[in-house]
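Structure, as structure tokens:
Number of protein chains: 2
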Amino acid sequence: MQKTEQWGIFELSLKGKEEGNPFVDVHLGAQFQFQNRKVKVEGFYDGDGIFRLRFMPDRVGVWSYTSQSNRKELDGVTGQFECVPATEGNHGPVHVKDRLHFTYEDGTPFVPFGTTCYAWTHQEKELEEQTLQTLAHSPFNKLRMCVFPKHYAYNQNEPLYNPFEGSLEEGWDFSRFQPKFFRHLEERIIDLMKLGIEADLILFHPYDRWGYSSMGKEANQRYLRYIVSRLASFRNVWWSFANEYDLMKQFPMSDWDDYFRLVQEKDPFQHLRSIHNCRLFYDYGKPWVTHCSIQSSDLTKVNEWLETYQKPVIVDECRYEGNISRYWGNIAACEMVYRIWEGTVRGGYVGHGETFVDPKDILWWAKGGTLHGQSPERISFLRGIMEEAPRDLEPVWIGKDTRAAIGKENRYFLAYYGISQSVYKDLCLPEGRKYKMDVIDTWDMTISPALGIFEGNCRVPLPGKQYIALRIREV
Amino acid sequence: MQKTEQWGIFELSLKGKEEGNPFVDVHLGAQFQFQNRKVKVEGFYDGDGIFRLRFMPDRVGVWSYTSQSNRKELDGVTGQFECVPATEGNHGPVHVKDRLHFTYEDGTPFVPFGTTCYAWTHQEKELEEQTLQTLAHSPFNKLRMCVFPKHYAYNQNEPLYNPFEGSLEEGWDFSRFQPKFFRHLEERIIDLMKLGIEADLILFHPYDRWGYSSMGKEANQRYLRYIVSRLASFRNVWWSFANEYDLMKQFPMSDWDDYFRLVQEKDPFQHLRSIHNCRLFYDYGKPWVTHCSIQSSDLTKVNEWLETYQKPVIVDECRYEGNISRYWGNIAACEMVYRIWEGTVRGGYVGHGETFVDPKDILWWAKGGTLHGQSPERISFLRGIMEEAPRDLEPVWIGKDTRAAIGKENRYFLAYYGISQSVYKDLCLPEGRKYKMDVIDTWDMTISPALGIFEGNCRVPLPGKQYIALRIREV
Chain A
0 MQKTEQWGIF ELSLKGKEEG NPFVDVHLGA QFQFQNRKVK VEGFYDGDGI FRLRFMPDRV
60 GVWSYTSQSN RKELDGVTGQ FECVPATEGN HGPVHVKDRL HFTYEDGTPF VPFGTTCYAW
120 THQEKELEEQ TLQTLAHSPF NKLRMCVFPK HYAYNQNEPL YNPFEGSLEE GWDFSRFQPK
180 FFRHLEERII DLMKLGIEAD LILFHPYDRW GYSSMGKEAN QRYLRYIVSR LASFRNVWWS
240 FANEYDLMKQ FPMSDWDDYF RLVQEKDPFQ HLRSIHNCRL FYDYGKPWVT HCSIQSSDLT
300 KVNEWLETYQ KPVIVDECRY EGNISRYWGN IAACEMVYRI WEGTVRGGYV GHGETFVDPK
360 DILWWAKGGT LHGQSPERIS FLRGIMEEAP RDLEPVWIGK DTRAAIGKEN RYFLAYYGIS
420 QSVYKDLCLP EGRKYKMDVI DTWDMTISPA LGIFEGNCRV PLPGKQYIAL RIREV
Chain B
0 MQKTEQWGIF ELSLKGKEEG NPFVDVHLGA QFQFQNRKVK VEGFYDGDGI FRLRFMPDRV
60 GVWSYTSQSN RKELDGVTGQ FECVPATEGN HGPVHVKDRL HFTYEDGTPF VPFGTTCYAW
120 THQEKELEEQ TLQTLAHSPF NKLRMCVFPK HYAYNQNEPL YNPFEGSLEE GWDFSRFQPK
180 FFRHLEERII DLMKLGIEAD LILFHPYDRW GYSSMGKEAN QRYLRYIVSR LASFRNVWWS
240 FANEYDLMKQ FPMSDWDDYF RLVQEKDPFQ HLRSIHNCRL FYDYGKPWVT HCSIQSSDLT
300 KVNEWLETYQ KPVIVDECRY EGNISRYWGN IAACEMVYRI WEGTVRGGYV GHGETFVDPK
360 DILWWAKGGT LHGQSPERIS FLRGIMEEAP RDLEPVWIGK DTRAAIGKEN RYFLAYYGIS
420 QSVYKDLCLP EGRKYKMDVI DTWDMTISPA LGIFEGNCRV PLPGKQYIAL RIREV
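Line by line, the protein sequences are chains A and B. If you count by numbering that gives the first Met the number 0, then the first sequence holds residues 0 to 474, one letter each, in order. If you count by numbering that gives the first Met the number 0, then the second sequence holds residues 0 to 474, one letter each, in order.
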């Protein structure tokens with residue numbers, strides 16, 4: 000019997016006919032069954048007369064399936080496969096846990112440390128592989144990336160593959176996908192999966208010269224069903240409905256709602272769903288949104304957003320470390336690291352991006368390549384601290400002079416003082432408990448124990464410089 | 000004939016009677032006349048049977064006066080004095096000019112570079128004199144200071160003098176002023192006048208253990224009339240109705256309006272009038288407000304405030320350079336200087352303050368003393384640049400990558416890039432004109448000419464570090 004690991008991809012290939020438009024004319028689905036539990040998936044046409052059904056089993060044991068189709072040769076195909084335990088490094092897909100946090104399905108905590116390479120899968124092979132190499136040695140475990148190629152400053156090259164049949168000159172047939180395009184995308188998502196990186200997949204975006212941002216609602220829905228049928232069984236996929244959705248004036252708000260609901264309905268595995276703004280937030284309170292995906296450079300608002308939406312807050316764009324002319328792409332490493340700490344220590348998850356001027360116009364934020372900045376090593380330092388901490392930290396109050404603090408059950412606190420250069424802080428810690436403290440220099444990446452044991456209302460000496468954090472642990 | 004210089008203080012002392020309560024029972028006023036122009040002022044009781052009338056003449060030549068009173072011995076006193084030209088350094092009081100700017104009455108531009116020493120006139124003589132010494136060698140030309148003493152962290156000492164008769168223990172008689180208190184205040188305002196410093200006089204504030212913030216409306220109005228009659232003839236006085244007015248819940252908004260109108264009615268010289276917020280702005284659009292006096296750490300909003308209120312915008316509290324525990328008193332010098340540049344290059348005027356931990360609790364922002372920070376010399380550098388610039392610069396647009404810029408008539412621009420570390424900026428300068436540029440490092444205080452002549456859409460190389468400004472002048 001065929002074996003597929005838990006949260007791996009089981010794939011069934013069926014030979015069909017190429018006649019007509021198989022992308023549109025053929026309906027194919029399957030029901031997968033484990034004991035009394037039944038899960039429906041949709042299949043897709045992969046060119047050359049081949050139809051496929053993909054499935055991500057979440058229980059170890061024997062699964063059976065039966066196909067359904069409006070084509071006789073694809074209908075009623077049955078079979079079984081065995082789901083075996085996940086191999087090392089496979090923790091399953093990421094879900095929301097306890098309102099504000101993330102977890103892999105196997106219970107391993109997932110603390111997002113994201114970065115952005117919008118168009119990295121539309122570059123030459125060497126560059127794409129360099130991007131993967133860079134990611135392998137980076138602190139990042141989530142990558143924002145577009146399905147479609149990108150047309151924007153520093154992004155003028157033609158993509159490797161096109162998602163639809165046709166050409167830029169003669170127009171595209173939005174009812175006929177080019178499987179090559181999607182197979183390439185899938186390979187790259189698998190590459191990320193091997194590195195333990197979640198693919199935060201951007202389904203639409205406004206930076207377009209090909210017409211993919213104005214295909215019309217029917218074509219958009221067909222595209223969404225196609226991509227869900229291909230990719231929902233990839234455990235590291237997240238659905239990001241758009242980058243800067245509010246710049247796509249051609250999409251009425253109700254269409255966005257419809258696209259969310261469509262994917263929610265079609266995705267058997269309920270991958271995470273969100274949408275990214277330029278200025279105006281989508282209402283993250285809507286029930287089909289699993290988490291916030293925010294562009295903002297004001298990280299002090301994270302508490303307010305947590306309170307408002309009662310969902311995890313990812314600020315995946317707070318400007319980029321770099322030195323280009325545009326205001327969003329020229330913050331210094333100290334500012335990038337400051338924003339990431341500020342948002343993190345208010346209970347959010349903050350993403351990185353990088354835009355350094357490059358002689359070949361290879362800017363990380365768009366094309367990938369290599370990293371040049373000074374923030375990634377410091378993000379790595381923060382990630383280490385978060386991984387050592389109790390999981391699922393939430394905002395706490397430990398005195399009016401500490402505006403950013405998270406903690407857990409009065410036994411652990413992490414406070415951050417940002418641009419403040421205080422020589423001491425007055426804290427109000429819980430009474431009747433004793434704490435030791437570490438002074439963390441988030442820029443120099445040092446951790447120094449503070450002398451003494453602290454309790455209740457107390458004064459902690461600080462080094463009188465910017466970018467200091469305090470780690471407070473019960474003795 | 001007695002001589003008084005233009006915008007100097009002419010004072011008439013009259014001997015009256017001490018019987019009853021001369022602060023309340025005696026009404027004294029005078030009409031001053033120059034040619035056909037008549038100006039009314041109110042007099043005040045200065046203790047020991049002495050009543051005074053003060054006047055600030057604004058025209059050179061012979062002025063005459065006649066007193067009016069409900070007391071025979073004070074009524075109908077007439078006389079003349081000669082107003083002679085102002086001596087060096089006396090430019091008259093400051094007024095608003097062309098909506099968004101300030102000018103001395105003699106036409107000299109006034110660009111406010113303020114600082115704050117709330118309670119400096121309530122300290123020991125030596126400390127007060129040290130404060131004056133420090134100010135004499137500082138870049139500051141405006142000082143925020145309270146009439147009443149202040150009760151707050153780092154402010155626990157009793158004041159030198161009390162404004163009312165009575166005592167803290169036995170209560171105050173708010174209908175009887177202590178002239179000694181006001182004479183001391185006046186001496187200090189004259190000391191500031193000699194240094195060319197405007198006294199931005201805070202009339203009420205919430206930080207109080209004496210009861211001066213809850214005297215009731217009648218006593219408040221009596222106090223306002225008294226202080227106007229004493230101080231309106233001091234050319235360097237500004238009326239600031241409150242510090243953090245919105246923390247004084249005992250004052251309904253309509254009372255603030257009434258106090259503004261009272262002072263507007265009684266002040267013959269129409270000194271500048273504003274009020275300072277903690278969180279909630281007073282409506283600076285009200286007709287009796289001459290300029291905004293804002294507490295905010297978001298200087299990017301200056302453009303919006305200028306647009307909204309159509310009045311000069313002074314952000315006189317954007318946090319303080321220092322290292323105390325409280326979040327408002329521990330910003331680094333680079334942050335203080337950044338905020339001051341950001342607000343200035345958006346068309347506003349931004350104030351300084353300083354709160355360094357001190358073994359004797361002498362913090363500049365409250366008691367004065369000496370300055371310890373690194374921002375004042377950089378404020379001095381900025382002041383030099385502003386004084387060299389054409390006067391009355393207003394916000395301009397010179398390309399979407401430049402968010403803070405002011406200029407004049409397409410012949411001068413000053414742009415500021417704050418925390419951006421761009422290696423170049425793309426500018427859109429007016430077509431058909433040629434410009435030379437200076438790259439200003441606002442932290443290192445260097446000015447380096449950029450190579451070449453620039454025009455229209457152009458790219459200017461920058462040093463790729465934070466806190467850079469560009470000065471652009473037509474060739």
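Backbone N, C-alpha and C define an ideal beta-carbon position, used for all residues, glycine too.
With its beta carbon at least 8 Å from every one in chain A, B:Asp254 lies outside the interface. Interface criterion not met: the Cβ of A:Arg345 is under 8 Å from no Cβ in chain B. Residue range Met252 to Lys265 is occupied by the alpha helix (DSSP H) that includes A:Leu261, with no beta strand (DSSP E) assigned at that position. Judged by DSSP secondary structure, B:Ile189 falls outside any beta strand (DSSP E) and instead within the alpha helix (DSSP H) spanning Pro178 to Lys193. When 8 Å is used as the limit between beta carbons, B:Ser447 is near no residue of chain A, the shortest such separation being about 18 Å. For A:Glu41, the enclosing beta strand (DSSP E) starts and ends at Arg36 to Glu41. Following the DSSP letters along the chain, one finds A:Phe112 in no beta strand (DSSP E), marked with neither H nor E. Contact check between the segment 377-385 of chain A and the segment 166-180 of chain A: fewer than three CB pairs, one atom from each, fall below 8 Å, which does not count as touching.
Distance from the CA of A:Glu123 to the CA of A:Lys424, rounded to the nearest whole angstrom, comes to 52 Å. Sorting B:Trp62, B:Val349 and B:Glu18 by C-alpha distance to the C-alpha of B:Arg36 places B:Trp62 at the top. Residues of the same chain with a CB within less than 7 Å of the CB of B:Pro21, apart from the 5 flanking positions on each side, are Gly15 and Tyr44 in chain order. Against chain B, a Cβ distance below 9 Å from A:Ala331 picks out Ile418, Ser419, Gln420, Lys464 and Gln465.
Sixteen is the threshold: since fewer than 16 other Cβ atoms of the shown chains lie within 10 Å of the Cβ of B:Ile452, the residue is exposed. Between the segment 275-282 of chain B and the segment 47-67 of chain B, the count of C-beta pairs closer than 8 Å stays below three; the two stretches do not touch. For B:Ser232, the secondary structure class from DSSP, reduced to helix, strand or coil, is coil. The DSSP-derived three-state label of A:Cys333 is helix. What A:Arg278 touches in chain B, judged by beta-carbon distance under 9 Å, is nothing: the nearest beta carbon there is about 14 Å away. Between B:Glu18 and chain A, the shortest Cβ-Cβ separation is not below 8 Å. Counting along the chain, no beta strand (DSSP E) covers A:Lys399, and no H or E run does either. In the DSSP assignment, the residues bridged to A:Asn456 are A:Cys427. In the three-state DSSP reduction, B:Val227 falls in the helix class (H, G or I).
Around the beta carbon of B:Pro111, a 10 Å sphere encloses 16 or more other beta carbons of the protein chains shown; the residue is thus reported as buried. Here A:Glu41 has Gly28 and Ser228 as same chain residues with Cβ atoms under 6 Å from its own Cβ, once five neighbours each way along the sequence are excluded. The three-state reading of DSSP puts A:Tyr411 in strand, counting E and B together. With respect to B:His204, B:Glu157 sits apart: the two C-beta atoms are not nearer than 8 Å. Within 10 angstroms of the beta-carbon of A:Pro148 lie 16 or more other beta-carbons, which makes it buried. Boundaries of the alpha helix (DSSP H) around B:Tyr308: Val301 to Tyr308. Along the segment 421-435 of chain A, the positions whose C-beta sits under 7 Å from a C-beta of chain B are Ser421, Val422, Tyr423, Lys424 and Asp425, read in chain order. Counting only Cβ-Cβ distances below 7 Å, B:Asn322 has contacts in chain A at Gln420, Ser421, Val422 and Gly463, in chain order. In the DSSP assignment, B:Met385 falls outside any beta strand (DSSP E) and lies within the alpha helix (DSSP H) extending over Ser374 to Glu387.
For the segment 53-83 of chain A, the set of positions with a beta-carbon nearer than 9 Å to some beta-carbon of chain B is empty. The beta carbon of B:Asn276 is closer than 6 Å to those of Asp245 and Gln294 in its chain, skipping five residues each way along the sequence. In this structure the segment 329-346 of chain A touches the segment 411-428 of chain B; the number of beta carbon pairs closer than 8 Å is three or more. In this structure, B:Cys116 lies near B:Thr130, with their beta-carbon atoms less than 8 Å apart.
With respect to A:Arg325, A:Ser296 sits apart: the two C-beta atoms are not nearer than 8 Å. Taken atom to atom, the span from the alpha-carbon of A:Asn89 to that of A:Leu13 is near 28 Å.
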